[in-house]
Structures are given as C-alpha cells and as structure tokens.
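Participant: Position 330, counted from 1, in the sequence shown is what full-length UniProt numbering calls 330; the numbers after and before it change by one each time, with no gaps. For every residue, glycine included, the Cβ atom is placed at its ideal position computed from N, Cα and C. Provided herewith is a single structure, encoded as structure tokens, for subsequent inquiry.
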Amino acid sequence: MFDVAIIGCGPVGAMAANLLGRAGLSVVVLEKELTHYPLPRAVHLDHEMMRLFQSAGVIDRVLPDMIDTDGHMHIGADHQVIRYMGTVGMARPFGWSNDWFFYQPELEAHLRDGFADLPQVELKLGAEFTGLSQEDGPVRISYTLDGAEQQVSARWAIACDGSRSPVRKALGVKLDDLDFEEPWLVVDAEVEGPVSFPPLKGVPEAADVQRLSVMMCDPKRPATIVPGRGNHRRWEFMLLPGEDDQQMMTPEKVGELVGAWMKDVPHKIVRAATYRFHGLVAEQWQVGNVFLAGDAAHQTPPFFGQGMCHGLRDIANLAWKMAAIIHDHASPEILVTYQPERDPHVRGVIGAAVAAGRYICELDPAKAAARDAEMVARAAAQAGQHQTAHDLIPAISTGIILRGSPSAGERFIQPMLEDGRKLDDLTGDGWRLFVKGAASAVAGVTTVDAAQLPDGGAVLAWLESRAAQAVLVRPDHYVFGTGDVAGLLDARQRQLGLAQEMAA
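Now the structure itself:
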C-alpha cells in the first residue's frame, strides 16, 4: 500500500509527486494520458510558487524556461490607465520577482523530470480512474490500464484531475457557484516583435507595457494581452453577446483579432480556444481520506493569474501535513485543517478576481466611462501607495497557526543572503524557528539565531517590527506565530498532536 495516490499528473499532480516524494512518502501517480498536454493553458505564476519550486528541488529545472515581468495594468475605454499594479523598483521580500510567465508543456515536463529519479514515486501513464472505495480506512482506487481493470491502495488520495474531476463526481461533491461566468476566446501565438498598443494615457514613467499583463477594459471588446517566455504571447478576448464559439475560433476571425495588435510583425497562431471563465468552489475538499486539489476543488477567473497558484498552494498545504503524520507521528486529525485554511484563502482571491472581472467585462459605454472616472480618481487619492496583485492574497486566518500573535498566517520573508543564495537555501524548508539570540535545539525544528544570518539583518528587523522574540515558520513558508520560544513550541506541539518528547 502506498502512502499517497495522486490522480492526475498535470502541474498540480506533478508538484504533489515532487513534494511528497522528496519528503520520503511512497507515492503512486495515475494519469490517463500517455503524454502531457502539448499546448499552453496556464501561463502565470507568482513568487510564492517559485519558492515552492525551491522546496520541491525543481527550481533549477524550471527557471531557465521562465521569464519574470513587471506586473499588471488596466486600461480604460479611452486608453487611460485606470489601475496599475506594477513592480518595477519595488523590493522583493520573498526572494523572487512577483510575476513569472511560462510555457505549460515545458513546465509539466520539468516537473515530471523532477520526480522521475525518486524511487518512492511510481507514475502510471494511461491509467484512467474508474472508481474508489474507502469504507475501512485506506483508499482503494480502481482504474483501467491497457484495457484491464486494476486497483491500487493508499492511505490517502489526492484528486488533481481538473475542473471536470471524475473523482469529485464519484464522491458526490457539489460546486458552490460564485455567480460569475463569461465567455472568452484565448489565443496563444509565437511572435517576432513587439505588440502594437494604441496610444495610452497615464502610463507611469517606469512602466514598459511590453513587460506587463495589460487588461484593455474597452466596452467594444474587453481583452487581455499577456507576455510570455521567449516569443510566446497570449491574448484573451471577451466574446460579445450573440457571438458563436465555433465561429470565433476560425482561423480568419482569430487572425483578425490578433492581427490588430501585431501590425506588420510576423506571428504564428499556436492555439485558439473558447472558455467560460468561472468562479466555483467545491463544498467539500475532503471526503474521508480523499482530498480535492487544484481545479478539482476550485476554478478562478484568470484576471490576476492565480488559478494554478491556488492548486500549488493546496499541494504544499497537504504535503507537509502528510509528511508530519508519517514521519513525526503527528495526529491524522491535522488534515481536517486543509479546507479551513485553504477555502477562505481561495474565496478571497476569487472574490477579488470576480470583482475585477465585473468591471473589466462592462459593455455599456456610459457605465464604462463612469467606472473609469471613479477608478482614476481612486488612483489619484492613493498616489504613492504602491499595490501589486499579490497584496490581494489574504493571510491564513484559521487552522494550524497561533491566532492572535502578530503576523500569524502571513507568508514569511525570504531575504537574499550575502553570498547570493536565498534564505531557504541556507535553512531548509521544514519547521524553522528564528530567534533573537541563541536557542536550544528542538526535535523536528531548525533553530536559527536571526542575528547570525548573513542576510543584512532582514529577519532580525522583521522580528523587531513585530516586537517578538521569535517567529515559528511552517514548512509551506507561512508564519505559524510570533512570541516567546516556549510558547510557540508548546502551541506547535499541541496543534500537531505531537508527543511530549518531540518538543524536549
């Protein structure tokens, strides 16, 4: 019997295999397709995902095929900047640029290569899920492979099988509809030059529109223009009332829409597909020992590029808890914190994306003009207050955190060290206790004297700004809590259900 069965080997499932396998758990991955999907779908990740790639040991594989860019800009009906979430010149407290773009087939290949050499991870290609049972504890998963019905057992199963998730349907889990559905045409192209934007007004001096994700909030046809790695570009065009999906995907129509942005620049259409942008969240993310992750658990409008990020956060949340149960004898009950921690987080971001989607998709010219005036006035009132899209991501508010302590549930910083490495490269990525001064060793926790870190004093300054003696950081890089050492370790022991000797 395996520790974990993963159903689906897209980016979320492959990342799960890397994190769990690297943690020493035995893993089987069931993927119905023989090869990964050959065309791009998701294109954007943020700094938190780059940090998770560090944790999974795959950062050196994925980084050469990614490009960091400069944030997001929303343009109103008269080509005036109405919202700017740029990152040029801003600090990088988490060690990475805020926004990264990639080509999904390359990313999936790198993630699969990452766990290919882990002996405890077994990948079964062509294995199509047909059902499961878990009446007596372990999860028994049925699947077909080479025309034969087979079965595998695992302590836990994670469904990473996409928005149409057969596992979710087999469990009878319903989706909570957050009342957003808009049809869009998504086009990927290889381009040999810059995009031709119309004359834009109010663009900040430091902003380079070629390095931004640009949302054209034009009631004539809302559209997004997204940079990509190499010569890859993406366009997303809102379908207008009465337009037919199939007709909008014809080469002639796609060429007309993209050509308006390319002028005389040579380009080749790689893919064109229509989608319904949704806001949906599963009512249950855990049924017994089966967990939903990624698009199987939630679907996010893409206006802040957080769809895949949500799925990778799901996996990071589950992986360290499963490892703690297997290796540290933590209580299996800690897994019931998965949905309470992740669901509010996901809903908060989806809520922000839906709110943006409602004003982006405004087709009434008068209402669009009023929107633009309001947003320009708001931006003027907030002049000097720099915002990025990632400021919209909330902290964890419940679960395995020391509620009430300053910064509990926030993402912890990752400063650059004097030798060019990042903090996690020095300390590892398990439980870490950063202390103002020396502290005794604790089983299962890496203890670090913040004053001795070669980081220019960034962690020490972080502690001093919270008036805290210490900060305890979870393996997924979220702050468990701040305060005195004894109180933090006692709270960790109690919340994980650890035996007394683990904290001795």
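In whole angstroms, give me the CA-to-CA distance for Gln284 and Gly311.
Facilitator: Distance between the alpha carbons of Gln284 and Gly311 is about 15 Å.
Participant: Can you give me the C-alpha to C-alpha distance between Pro227 and His110, rounded to a whole angstrom?
Facilitator: Cα to Cα, Pro227 sits roughly 21 Å from His110.
Participant: Taking the DSSP output, what are the residues bridged to Phe434?
Facilitator: Its beta-bridge partners are Val448 and Val471.
Participant: Out of curiosity, what's the CA-to-CA distance linking Thr35 and Cys217?
Facilitator: Those two C-alpha atoms are separated by around 38 Å.
Participant: Figure out for me which residue from Leu52, Val203 and Gln104 has the closest Cα to the Cα of His79.
Facilitator: That would be Val203, whose Cα lies nearest to the Cα of His79.
Participant: Unbroken alpha helix (DSSP H) runs of length 4 or more, entirely within the stretch 77-116: which are they?
Facilitator: Segments of the alpha helix (DSSP H) lying fully in the stretch 77-116: 104-116.
Participant: Val173 to Arg474, Cα distance in whole Å?
Facilitator: The alpha-carbon atoms of Val173 and Arg474 are separated by roughly 30 Å.
Participant: Assuming Arg342 and Arg313 are in contact, meaning their beta carbons sit under 8 Å apart, how far apart are those beta carbons, in whole angstroms?
Facilitator: The Cβ separation is near 7 Å, so the contact holds.
Participant: If you count every other CB in all the chains shown that lies within 10 Å of the CB of His327, and 16 or more means buried, which is it?
Facilitator: So His327 counts as exposed.
Participant: Looking at the structure shown, is Glu362 part of a helix, part of a strand, or coil, going by DSSP?
Facilitator: Here Glu362 sits in coil by DSSP.
Participant: If we ignore side chains and look at the alpha-carbon of each, how far apart do Gly8 and Ser440 end up?
Facilitator: Spanning the two alpha carbons is a distance of roughly 43 Å.
Participant: In the DSSP assignment, the alpha helix (DSSP H) including Ser465 goes from what residue to what residue?
Facilitator: Segment Ala458 to Ser465, the alpha helix (DSSP H) holding Ser465.
Participant: With contact counted as at least three CB pairs below 8 Å, one residue from each stretch, are the stretch 484-496 and the stretch 392-403 in contact?
Facilitator: Touching, yes, given that three or more Cβ pairs across the two stretches are closer than 8 Å.
Participant: Please list, in chain order, all residues of the same chain as Leu123 whose beta carbon is under 6 Å from its beta carbon, the five residues on each side excluded.
Facilitator: Answer for Leu123: Val29, listed in chain order.
Participant: On a CA-only basis, which of Pro11, Gly76, Val12 and Val27 is nearest Ala356? Give me that one, please.
Facilitator: Comparing Cα-Cα distances from Ala356 to each of Pro11, Gly76, Val12 and Val27, the minimum goes to Gly76.
Participant: Which residues bound the beta strand (DSSP E) around His267?
Facilitator: Where His267 is concerned, the enclosing beta strand (DSSP E) stretches over His267 to Ala282.
Participant: In three-state terms, what does DSSP make of Ser55?
Facilitator: Ser55: helix per DSSP, three-state reduction.
Participant: Looking at the structure shown, is Asp328 part of a helix, part of a strand, or coil, going by DSSP?
Facilitator: Asp328 falls in the helix class under three-state DSSP.
Participant: Taking Arg421 as the reference, give the member of Ile393, Asp455 and Ala395 with the closest Cα.
Facilitator: Considering only alpha carbons, the answer is Asp455.
Participant: Quick one: using the 10 Å Cβ neighbour count with 16 as the cut-off for buried, is Val336 buried or exposed?
Facilitator: Burial call: exposed.
Participant: Give me the Cβ distance between Asp244 and Pro183, rounded to the nearest whole Å; I'm assuming they're in contact under 8 Å.
Facilitator: With a Cβ gap of about 10 Å, Asp244 and Pro183 do not count as contacting.
Participant: Using only CA atoms, which one of Gly86, Glu410, Phe197 and Ser97 lies nearest to Met262?
Facilitator: Measuring from the Cα of Met262, the nearest candidate turns out to be Phe197.
Participant: Could you tell me which of Asp391, Val43, Asp484 and Val435 sits nearest to Gly86, measuring between CA atoms?
Facilitator: Cα-wise, what sits closest to Gly86 is Asp391.
Participant: What is the DSSP secondary structure of Phe180, reduced to helix, strand or coil?
Facilitator: Phe180: strand per DSSP, three-state reduction.
Participant: Please report how far the alpha carbon of Asn98 lies from the alpha carbon of Asp68, in whole angstroms.
Facilitator: Approximately 8 Å between the Cα atoms of the pair.
Participant: Could you say which of Met15, Val448, Asn289 and Ile225 lies nearest to Phe2 if we only look at CA atoms?
Facilitator: Closest option to Phe2, Cα to Cα, is Asn289.
Participant: Can you confirm whether the stretch 456-467 touches the stretch 400-417 when touching is taken to mean that 3 or more C-beta pairs between the two stretches lie within less than 8 Å?
Facilitator: Contact holds: three or more Cβ-Cβ distances are below 8 Å.
Participant: Could you give the residue range of the alpha helix (DSSP H) that holds Gln382?
Facilitator: Where Gln382 is concerned, there is no enclosing alpha helix (DSSP H), given that its DSSP letter is neither H nor E.
Participant: Measuring alpha carbon to alpha carbon, tell me which of Pro241, Arg233, Leu212 and Glu181 ends up nearest Pro266.
Facilitator: For the residues Pro241, Arg233, Leu212 and Glu181, the minimum Cα distance to Pro266 belongs to Arg233.
Participant: Consult DSSP for Ile413 and reduce its assignment to one of helix, strand or coil.
Facilitator: Correct three-state label for Ile413: coil.
Participant: Measuring straight from C-alpha to C-alpha, what distance separates Asp429 and Gly131?
Facilitator: Cα to Cα, the separation comes out at about 35 Å.
Participant: Within the continuous alpha helix (DSSP H) that includes Leu171, where are the two ends?
Facilitator: Pro166 to Leu171 is the span of the alpha helix (DSSP H), which, as asked, contains Leu171.
Participant: Let me make sure I understand the geometry here. Which of Phe304, Asn317 and Phe303 has the alpha-carbon closest to that of residue 550?
Facilitator: Residue 550 is absent from the model: the chain starts at 1 and stops at 504.
Participant: Please name the residue, chosen from Ala380, Lys367, Val191 and Ala324, that lies closest to Val270 on a Cα-to-Cα basis.
Facilitator: Comparing Cα positions, the closest option is Val191.
Participant: In the DSSP assignment, the beta strand (DSSP E) including Gly131 goes from what residue to what residue?
Facilitator: Taken as a continuous stretch (DSSP letters only), the beta strand (DSSP E) holding Gly131 covers Glu128 to Ser133.
Participant: At which residues does the alpha helix (DSSP H) containing Thr250 begin and terminate?
Facilitator: Premise fails: Thr250 is in no alpha helix (DSSP H) and is neither H nor E.
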